[in-house]
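Presented below is the structure to which this report refers.
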Amino acid sequence: AVHAAGQGPQILAVSRFSDQKTREWLESQGVRTIAADLMDRSGVAQLPDAANIIYMIGWKFGTTGNPARTWAVNTLIPSFIAERYPYARFAALSSGNVYPFAPVSGGGSLESDSLTPLGEYANSCVARERIFEYYAQQNGTPMTLVRLSYALDLRYGVLVDIAQKVYDGEPVDVGMGYANAIWQGDANAMIIRSLALAASPATALNLTAHRFQVREVAHTFGQLMGKPVSIIGTEQPTALLSDLSKLHASLGKSTLSLDRILRWTAHWIQQQGRILGKPTHFEARDGVY
4 AVHAAGQGPQ ILAVSRFSDQ KTREWLESQG VRTIAADLMD RSGVAQLPDA ANIIYMIGWK
64 FGTTGNPART WAVNTLIPSF IAERYPYARF AALSSGNVYP FAPVSGGGSL ESDSLTPLGE
124 YANSCVARER IFEYYAQQNG TPMTLVRLSY ALDLRYGVLV DIAQKVYDGE PVDVGMGYAN
184 AIWQGDANAM IIRSLALAAS PATALNLTAH RFQVREVAHT FGQLMGKPVS IIGTEQPTAL
244 LSDLSKLHAS LGKSTLSLDR ILRWTAHWIQ QQGRILGKPT HFEARDGVY
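Start counting the sequence shown at 4; every next residue gets the next number (our numbering).
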C-alpha cells in the first residue's frame, strides 16, 4: 500500500532475524529492519518511536517441554512493548486457542465468551491478552486483540497438514472434526485494517474465515491428487471454532474461496513445493503442543 501511494509512513520490522534471508527480503521492499532481543527490557526501551504497532510475537511449539519459556515470551514481552509504546495504536495478535471448544452445531465462540481454554499454551495466550488489556486500561492505549485462527499459506497451515498426510498415504485424524481457517494474505490485510478498530479498553476480534469439515477436505484432496484417503478417529461434538459476526460487520469477509485454496494447496503438494515443516497440530484436543 505504501508503494502504491508513492509515499507514506516508514515501516519498521523488529525481530531477532535468525533467518538473514527474511531480513534481506524485507529491506529490499523498503522496510527498515532492527535486530533485537525483545526479552531484553533495556533493549526494548531503546527502540525508535512508532505510532502504530502490529504485535506478532508468540511462542507455541515446544510448550510441553518448556512451559516456562512459553509463559515468559507470551507475557513478559507484551508488558515490555506496551510500556515502551503507551501512546501507540496496537493490533496485537492473539489466538483462537483462547476459547474452550464450542459445539459444532453452533456458530462458534463469540468475542464476549469466557476464556477458559485447555492447556499451558492456550492459557498463556489468555495471559498475553490480559497483559495488553491492563496497559490499555492503565495508559489509555488503544488496542485490538486479534484472535487469529489458522492462517493458510501454501507452505504452512491446516490444509497443508491434511494434504501432506493424504499425499504421503498417512491417516487423517478427524477427532477434531471441524476447523476455521483464512488465507494469509486476507488475514494480513485485515490485521492492518484492525488498527482502525483499536480502543481503550481493548477490543477483541475473531479473525478467520472458512469453516470446513476435516473429513470432507481430506477426501477432496484425495480426489484432486488421485490418492486414496485413510481416516482415523471419530468426529467429536465440539471443536475450536470462532463466530465471525463481528468480523464481517467491521471488516467484511475473506476474498479467497476455500475451493481455490484447496486446489492451490493440492497442486503445491503434488509439485513438492517448499514446506516450512511446522505442523499446526490442529487435531490436538488435549491442549498439548
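Where is the CB? At the ideal position from N, CA and C, for every residue including glycine.
In the DSSP assignment, Ala-38 falls outside any alpha helix (DSSP H) and within the unbroken beta strand (DSSP E) covering 35 to 38.
In this structure Ala-94 is in contact with Ile-57, their Cβ atoms being roughly 5 Å apart against a cut-off of 8 Å. Taking all protein chains in view, the Cβ of Tyr-90 is surrounded by fewer than 16 other Cβ atoms within 10 Å, so the residue is classified as exposed. Straight-line spacing of the CA atoms in Lys-24 and Thr-237 works out to 43 Å. With distances taken between CA atoms, Val-163 lies nearest to Val-217 out of Val-217, Asn-126, Ser-108, Gly-178.
Beta-bridge partners assigned by DSSP to Phe-215: Ala-182.
Minimum Cα-Cα distance from Ser-97 among the listed residues Ala-154, Gly-109, Gln-140 corresponds to Ala-154. Taking C-beta separations shorter than 7 Å and ignoring five residues to either side along the sequence, the partners of Leu-279 in its chain run Arg-158, Tyr-159, following chain order. If only uninterrupted beta strand (DSSP E) runs of at least 3 residues are considered, those enclosed by the region 125 to 156 are 146 to 151. Setting aside the 5 residues that flank it on each side, Thr-283 is surrounded in the same chain by Val-161, Asp-164, each with a C-beta closer than 6 Å to its C-beta; the list follows chain order. At the C-beta level, Phe-104 and Thr-268 stay beyond 8 Å of one another. Closest by C-alpha distance to Tyr-124, out of Ser-45, Ile-14, Asn-100, Glu-114, is Asn-100. 8 Å or more divides the Cβ of Ala-207 from the Cβ of Arg-277. Burial state of Asn-191 is exposed, judged by a 10 Å Cβ sphere holding fewer than 16 other Cβ atoms. Proximity to Phe-83 across Val-107, Glu-27, Asp-116, Gly-46 peaks at Gly-46, based on C-alpha coordinates. Each residue's CA atom was taken as its position, placing Tyr-181 and Ala-201 some 30 Å apart. In the structure shown, Tyr-159 falls within a strand segment according to DSSP collapsed to helix, strand and coil.
For the options Asp-156, Ile-134, His-222, the alpha carbon positioned closest to that of Leu-148 is the one of Ile-134. Looking only at Thr-73, Leu-79, Asp-22, Ile-14, the smallest Cα-Cα distance to Pro-51 is reached by Ile-14. The alpha-carbon of Gly-229 is positioned some 36 Å away from that of His-251. For Phe-93, the beta-bridge partners assigned by DSSP are Ile-56, Met-146.
Spanning the alpha carbons of Asn-142 and Gln-49 requires a straight line of approximately 20 Å.
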